[in-house]
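*Asks:* Provided herewith is a single structure, encoded as structure tokens, for subsequent inquiry.
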Amino acid sequence: MLQAKQTPPESITPEAPRKGIDLTLNGEHFRHTGDPKMTLLWYLRDVLHLTGTKYGCDSDQCGACTVMIDGKRALACETPMAKLAGSEVTTVEGLAGENGGLHPLQQAWIDEDAILCGYCQPGQLMAAAALLKIKPNPSDADIESLPNICRCGSYVRVRRAIKRAAKAMQGDA
Amino acid sequence: MSDSILRLSRRRFLQVMAGTAGALVIGIGEVRAQDAPSADVPLAMLGDDVTALGPFLRIEPDGRTLIGARDPDCGEGTRTSLPRIIADELDADWRQVIVLPLGPKVVNENGNARWRYGRQLSGESASIPAAWNDLRQAGALARWLLLQAAVRRSGVAASQLRCRDGRISAPNGKSYSYGELVKDAAQQAPPQTPPPLKVPADYRYIGHGAGDVDAHAIVTGQQRYSSDRFDGDPLIAVVLHCPYVQGKLDRIDTEAALKVPGVKQVLPLEPEPHQTLGNTPLAPSVAVLAVDTWSALRGRDALKVMWKQTGREDESTEALFKQAHALLDSDAEPTTHVRSDGDIDAAFKHARTKIEQVYVQPFVAHALAETMTCIARVENDQAHLVIPTQAPQQALSLVQRLTGLTPQQITIEVPRVGGGFGRRIDQDFVAEAVMLAKAAGQPVKLYWSREQDLRNDPYRPAAVHKLSAALDRHHRIIGWRMHKASPSMLTGRGVSADRLWTSEMERDALPAGLVENYQSSWWGLDSGLPRGETRADAHTVNTFAEQAFLDEIAKATRQDPLDLRLKLLGDSDRSLPYSGRGGAIDTARLRKVLTLAADAIDWKKHRTNGHGLGIAYAYIYGAYCAHAFEVSVRSAKLVIHRVVCAVDVGRAVNPTGLEAQVIGATMDGISTTLGQAISVDQGQVQQHNFKDYPMSRMAHSPRDMQVIVVPSEAAPMGATGIAMPSAGPALANAVYAATTVRIHRLPLLPELMRLL
Ligand code: FES
Ligand code: FES
Numbered sequence: 001m002l003q004a005k006q007t008p009p010e011s012i013t014p015e016a017p018r019k020g021i022d023l024t025l026n027g028e029h030f031r032h033t034g035d036p037k038m039t040l041l042w043y044l045r046d047v048l049h050l051t052g053t054k055y056g057c058d059s060d061q062c063g064a065c066t067v068m069i070d071g072k073r074a075l076a077c078e079t080p081m082a083k084l085a086g087s088e089v090t091t092v093e094g095l096a097g098e099n100g101g102l103h104p105l106q107q108a109w110i111d112e113d114a115i116l117c118g119y120c121q122p123g124q125l126m127a128a129a130a131l132l133k134i135k136p137n138p139s140d141a142d143i144e145s146l147p148n149i150c151r152c153g154s155y156v157r158v159r160r161a162i163k164r165a166a167k168a169m170q171g172d173a
Numbered sequence: 001m002s003d004s005i006l007r008l009s010r011r012r013f014l015q016v017m018a019g020t021a022g023a024l025v026i027g028i029g030e031v032r033a034q035d036a037p038s039a040d041v042p043l044a045m046l047g048d049d050v051t052a053l054g055p056f057l058r059i060e061p062d063g064r065t066l067i068g069a070r071d072p073d074c075g076e077g078t079r080t081s082l083p084r085i086i087a088d089e090l091d092a093d094w095r096q097v098i099v100l101p102l103g104p105k106v107v108n109e110n111g112n113a114r115w116r117y118g119r120q121l122s123g124e125s126a127s128i129p130a131a132w133n134d135l136r137q138a139g140a141l142a143r144w145l146l147l148q149a150a151v152r153r154s155g156v157a158a159s160q161l162r163c164r165d166g167r168i169s170a171p172n173g174k175s176y177s178y179g180e181l182v183k184d185a186a187q188q189a190p191p192q193t194p195p196p197l198k199v200p201a202d203y204r205y206i207g208h209g210a211g212d213v214d215a216h217a218i219v220t221g222q223q224r225y226s227s228d229r230f231d232g233d234p235l236i237a238v239v240l241h242c243p244y245v246q247g248k249l250d251r252i253d254t255e256a257a258l259k260v261p262g263v264k265q266v267l268p269l270e271p272e273p274h275q276t277l278g279n280t281p282l283a284p285s286v287a288v289l290a291v292d293t294w295s296a297l298r299g300r301d302a303l304k305v306m307w308k309q310t311g312r313e314d315e316s317t318e319a320l321f322k323q324a325h326a327l328l329d330s331d332a333e334p335t336t337h338v339r340s341d342g343d344i345d346a347a348f349k350h351a352r353t354k355i356e357q358v359y360v361q362p363f364v365a366h367a368l369a370e371t372m373t374c375i376a377r378v379e380n381d382q383a384h385l386v387i388p389t390q391a392p393q394q395a396l397s398l399v400q401r402l403t404g405l406t407p408q409q410i411t412i413e414v415p416r417v418g419g420g421f422g423r424r425i426d427q428d429f430v431a432e433a434v435m436l437a438k439a440a441g442q443p444v445k446l447y448w449s450r451e452q453d454l455r456n457d458p459y460r461p462a463a464v465h466k467l468s469a470a471l472d473r474h475h476r477i478i479g480w481r482m483h484k485a486s487p488s489m490l491t492g493r494g495v496s497a498d499r500l501w502t503s504e505m506e507r508d509a510l511p512a513g514l515v516e517n518y519q520s521s522w523w524g525l526d527s528g529l530p531r532g533e534t535r536a537d538a539h540t541v542n543t544f545a546e547q548a549f550l551d552e553i554a555k556a557t558r559q560d561p562l563d564l565r566l567k568l569l570g571d572s573d574r575s576l577p578y579s580g581r582g583g584a585i586d587t588a589r590l591r592k593v594l595t596l597a598a599d600a601i602d603w604k605k606h607r608t609n610g611h612g613l614g615i616a617y618a619y620i621y622g623a624y625c626a627h628a629f630e631v632s633v634r635s636a637k638l639v640i641h642r643v644v645c646a647v648d649v650g651r652a653v654n655p656t657g658l659e660a661q662v663i664g665a666t667m668d669g670i671s672t673t674l675g676q677a678i679s680v681d682q683g684q685v686q687q688h689n690f691k692d693y694p695m696s697r698m699a700h701s702p703r704d705m706q707v708i709v710v711p712s713e714a715a716p717m718g719a720t721g722i723a724m725p726s727a728g729p730a731l732a733n734a735v736y737a738a739t740t741v742r743i744h745r746l747p748l749l750p751e752l753m754r755l756l
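Taken in sequence, the protein lines are chains A and E. Under our numbering, the first residue of the first sequence is numbered 1, with each subsequent residue one higher. Under our numbering, the first residue of the second sequence is numbered 1, with each subsequent residue one higher.
Following this line, the structure appears as structure tokens:
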């Protein structure tokens, strides 16, 4: 086998920086180089295979794809990647604490068994998490403003879980 | 060969075998080559239910206990409740239990194909009743074998040993984990007679609540549904169906679509002629196949497709309702005389009071959370599928038919499913995926948008009920007519014309048996919309009409709606013959749930705050259910303040799961009653997405809900559907009490706004 003698190149031409959209996702840096019109939903699911974020209508009507963008509730199916340059996105996979401990909402969901088929629940959790950020002690009316659809009808327990988590988080504070 | 041996050899065997690495494996039928069977146990030990067979239980030397869950879990909680039945008899440590889903498997038994795990179907609230005998027996057998191993090891008699939490302990303080014993246990000769089952007082899991086994995975986003899988790196197939109730592809221009980056193919699909509904695509379609969903969706948008109506151009739901009214008002012979007691004409002739009312209920779509999807990889000598199905065995037969492969060449995985409610008993979407994978020559993953899902569904049939009651001067109901017109759910499913009524009517529906003169008749209607099974099936529409009508009788005769119902049920305890599923109706159990619900909502306390109360009951699939609602309607805003639901489902295997099912079914009843309707005009479904097909959100959920489970020693009944039928009428009755507006046409909310 021929062993080419390693000679350092005269000069290094750095590869042209690939154009793309830089964003932070669950604390990590990502660069999207595909179609900037692609929505966050399909970027997460099809490109990254990060499938905790679900789809239910792909048109702004069900909440299955709820994530947080810069700490606010947002729908991944309505958010083109182009809008996300420099943004911080949190999906259900990033809801748990860094130490691996569950978010109080996740724990409350388990404690209340707020799950039927479970498909809508990541979206419900993210919507609830965004709500608790602005209303740490939500009233029934606040909770009723949540637009997420649960086809299986787990609302009674979701409501209880949100209240339970709110209590737990206030206890922490 | 003696007769009895011959008989045994033809039946199925519960096999005890030493698994690899010394695990104790208790399964049914086929053995993996490396797992040498050590003994066969006759089927009789599995309990009575020979058609429902198939737990799979494996204990590893390290104590982990793997339990197979044979029925798909679409939110019914069977992945939790069925394994707990086994774990209880086994005295396993629940924390060490790992639940594995079992796909359908066919094994060759002396040339006869047989299902390895017995019946595998998630539907009709039937998983628990079917599993009650065989799963407990499988657990008991494993426990017995472990006990024998412990006897040998310790020299202590079995009667002195105690099993608990995956350990066996002797009075002398010695104790052994199941993991230590499995190797010996697998060598034990099985017992000659079935080991005894526990007495209920010893249950540690059955009757004690447990959260969903997948809860942690779900709340952390780790749970993989079929739609979250990418097996075989499939092309995404976005499907566009013909928008007409009856139509076909006319012209298609694929040029622009194929230019979209990532788009690979555009394929038309046709339902096969001569296949029954549910075994072939519901409608003609065009699929855009691309490397990812985004590209496929762009391709779909660029597609130019022209469809042609090939009949039913004028079909409309309004015309269907008109036709129903005309039939019910005429003297036309019904399609089927369902039941006739006493002399109904005489009862009406001599009645002091006659009351009549018509109820109109629309087509309803399933609108499952996870829309139709399916991953199909079809090769010359094998196929692999990931299917969110309620009927894995039907899916396997379908794949076999479409591919020509043998069952052994086909692998089907059924991950946790995003909702079922009867929709996924039909396998039309599986047919689409398989046909596309074959045509494309590579793996395909099906994607139905919400629009496609809502507009192509085996819908719940619309129904028009005309109820009439004849009362004597004591306001006693002496005559009851239930006349119904609906398109049958069974049309197109290979059912003979004289049986089409069976999906629409219960011959012995209440108040049959309670009213001397009773008549029920059914008129079949024609519609091009496909129809299919739904949660609780026709019980929902029939109970709505019946229980809303009882309130109208109460109103007309100035009786309290609860008192009227109690009077109708009578003071004495009766057993009313019932030919439908569930067996005889026990009026005492029905009265009990009704009274419990009424007391818990404080029925007799007059509300002065403008709140209205409503109550209703239902008997369904052997279970008893009553709902009481408290609502208010202020400035056109409906608030459901409180709901009580009392149920008697026999023994509650997992009370936590049961409560979840009751909450879910109640919400389904609310959502269906309040807003959902599919309608057809000019041969096209009019709804598109949740904007025009409103499903209830948090705002219409009960602010407070109490579930009362009647303690019972009776065999457990399934729970998925039972709390659906009485929720709607109790809600409508409460709305009436709060507003004096009586709703005769669903969905309720638009009707209420119109009438307020
Ligand atoms: S998928 Fe985004 S709101 Fe429904
Ligand atoms: S749990 Fe099934 S959709 Fe919410």
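Ideal placement from N, C-alpha and C gives every residue a C-beta, glycine not left out.
Exposed or buried, which one is residue 610 of chain E when buried takes at least 16 other CB atoms within 10 Å?
*Replies:* The residue is exposed, with fewer than 16 neighbouring Cβ atoms inside 10 Å.
*Asks:* Identify whether residue 679 of chain E lies in helix, strand or coil by the three-state DSSP scheme.
*Replies:* If DSSP states are grouped into helix, strand and coil, residue 679 of chain E belongs with coil.
*Asks:* Based on Cα-Cα distance, which residue from E:265, E:278 and E:738 lies nearest to residue 492 of chain E?
*Replies:* Residue E:278 is the option with its Cα nearest to residue 492 of chain E.
*Asks:* CB-CB under 6 Å to residue 21 of chain E, same chain, minus the five flanking residues each way: which ones, in chain order?
*Replies:* Any reading at residue 21 of chain E must be qualified, since the residue scores a pLDDT of 43, below 50, and its modelled position is unreliable; the value itself is stated next. Excluding residues within five positions, none has a Cβ falling inside 6 Å.
*Asks:* Residue 336 of chain E by DSSP, collapsed to three states: which one?
*Replies:* Of the three classes helix, strand and coil, the one that applies to residue 336 of chain E here is strand, per DSSP.
*Asks:* Please state if the CB of residue 156 of chain A and the CB of residue 701 of chain E are separated by a distance shorter than 8 Å.
*Replies:* Closer than 8 Å, so yes.
*Asks:* Taking 8 Å as the CB-CB cut-off, is residue 65 of chain A touching chain E?
*Replies:* By this cut-off, residue 65 of chain A is not an interface position.
*Asks:* Could you name the residues of the same chain whose beta carbon sits closer than 7 Å to that of residue 127 of chain E, not counting the 5 residues immediately before and after it, in chain order?
*Replies:* Cβ neighbours of residue 127 of chain E beyond the five flanking positions: 71, 76, 78, 82 and 718.
*Asks:* For the segment 206-227 of chain E, which residues have a beta carbon sitting closer than 9 Å to at least one beta carbon of chain A?
*Replies:* Residues 209, 210, 211, 212, 214, 215, 216, 217, 218, 219, 220, 221, 222, 223, 224, 225 and 227.
*Asks:* Could you tell me whether any Cβ in chain A is nearer than 8 Å to the Cβ of residue 78 of chain E?
*Replies:* Output row for residue 78 of chain E: interface = no.
*Asks:* For residue 93 of chain E, which three-state DSSP category applies?
*Replies:* It is coil, neither helix nor strand.
*Asks:* Along the chain, where does the alpha helix (DSSP H) containing residue 517 of chain E start, and where does it finish?
*Replies:* Here residue 517 of chain E belongs to no alpha helix (DSSP H); instead the beta strand (DSSP E) covers 517-524.
*Asks:* Any heavy atom of ligand 1 closer than 7 Å to the beta-carbon of residue 225 of chain E?
*Replies:* Answer for residue 225 of chain E: no, Cβ out of range of ligand 1.
*Asks:* Do you know offhand how far residue 464 of chain E's Cα is from residue 745 of chain E's?
*Replies:* So the alpha carbons of these two residues sit roughly 9 Å apart.
*Asks:* Looking only at its own chain, which residues have a Cβ that is under 6 Å from the Cβ of residue 117 of chain A, when we skip the five neighbours before and after it?
*Replies:* Around residue 117 of chain A: 152.
*Asks:* Checking 8 Å against the spacing of the C-beta atoms, do residue 489 of chain E and residue 532 of chain E come in under that value?
*Replies:* Contact: yes.
*Asks:* If you draw a straight line from the alpha carbon of residue 40 of chain E to that of residue 110 of chain E, how long is it in whole angstroms?
*Replies:* Reliability of the predicted coordinates at residue 40 of chain E is poor, the pLDDT of 33 falling under 50, and no value is obtained from them.
*Asks:* Return the residue from the list A:64, A:33 and A:99 that minimises the CA-CA distance to residue 218 of chain E.
*Replies:* Of the listed residues, the one whose Cα sits closest to residue 218 of chain E is A:64.
*Asks:* Taking the straight line between their C-alpha atoms, what separation do you get for residue 295 of chain E and residue 222 of chain E?
*Replies:* Going by the C-alpha atoms only, they are around 25 Å apart.
*Asks:* Check each residue of the segment 362-396 of chain E: if its Cβ is closer than 7 Å to any Cβ of chain A, include it; give the result in chain order.
*Replies:* Residues 367, 368, 369 and 370.
*Asks:* List the whole-angstrom C-beta distance separating residue 304 of chain E from residue 252 of chain E, where the pair is believed to meet the contact cut-off of C-beta under 8 Å.
*Replies:* About 7 Å; that satisfies the 8 Å criterion.
*Asks:* Can you tell me which of E:642, E:367 and E:754 puts its alpha carbon nearest to the alpha carbon of residue 730 of chain E?
*Replies:* Here the closest residue by C-alpha is E:642.
*Asks:* Is residue 12 of chain A buried or exposed, if buried means 16 or more other CB atoms sit within 10 Å of its CB?
*Replies:* The residue is exposed, with fewer than 16 neighbouring Cβ atoms inside 10 Å.
*Asks:* Is there contact here, the segment 341-356 of chain E with the segment 446-461 of chain E, by at least three beta-carbon pairs under 8 Å?
*Replies:* Because the criterion of three Cβ pairs below 8 Å is not met, the segment 341-356 of chain E and the segment 446-461 of chain E do not touch.
*Asks:* Give every residue of the same chain whose Cβ lies closer than 6 Å to the Cβ of residue 158 of chain A, excluding the five residues on either side of it in the sequence, and list them in chain order.
*Replies:* Here the set comprises 114 and 124.
*Asks:* According to DSSP, is residue 692 of chain E helix, strand or coil?
*Replies:* It is coil, neither helix nor strand.
*Asks:* Quick one: residues in its chain with C-beta nearer than 6 Å to the C-beta of residue 468 of chain E, no 5 flanking neighbours on either side, listed in chain order?
*Replies:* Same-chain partners within the cutoff: 356 and 481.
*Asks:* So which residues on chain E does residue 146 of chain A lean against when the C-beta distance must stay under 8 Å?
*Replies:* Neighbours of residue 146 of chain A on chain E, chain order: 697 and 698.
*Asks:* Tell me which residue opens and which closes the alpha helix (DSSP H) that residue 565 of chain E is part of.
*Replies:* Residues 561-569.
*Asks:* Name, please, each residue of chain E whose Cβ falls closer than 7 Å to the Cβ of residue 125 of chain A.
*Replies:* Going along chain E in sequence order, the residues near residue 125 of chain A (Cβ under 7 Å) are 219.
*Asks:* Please identify the residue among E:361, E:590 and E:235 whose C-alpha is closest to the C-alpha of residue 299 of chain E.
*Replies:* Here the closest residue by C-alpha is E:235.
*Asks:* Is residue 3 of chain E helix, strand or coil by DSSP?
*Replies:* The predicted model places residue 3 of chain E with a pLDDT of 29, which falls under 50 and marks its position as unreliable; any figure quoted below should be read in that light. Reduced to three states, the DSSP call for residue 3 of chain E is helix.
*Asks:* What residue range is occupied by the uninterrupted beta strand (DSSP E) comprising residue 109 of chain A?
*Replies:* It is not in any beta strand (DSSP E) - residue 109 of chain A instead sits in the alpha helix (DSSP H) that spans 104-112.
*Asks:* Which residues bound the beta strand (DSSP E) around residue 480 of chain E?
*Replies:* 477-486 is the span of the beta strand (DSSP E), which, as asked, contains residue 480 of chain E.
*Asks:* What residues from the segment 604-624 of chain E come within 9 Å of chain A, judged by C-beta to C-beta, listed N to C?
*Replies:* Within the segment 604-624 of chain E, no residue has a Cβ that lies closer than 9 Å to any Cβ of chain A.
*Asks:* Residue 480 of chain E versus chain A: which residues are under 7 Å apart at the beta carbon?
*Replies:* Per Cβ cutoff of 7 Å: no residues; residue 480 of chain E is ~32 Å from chain A at best.
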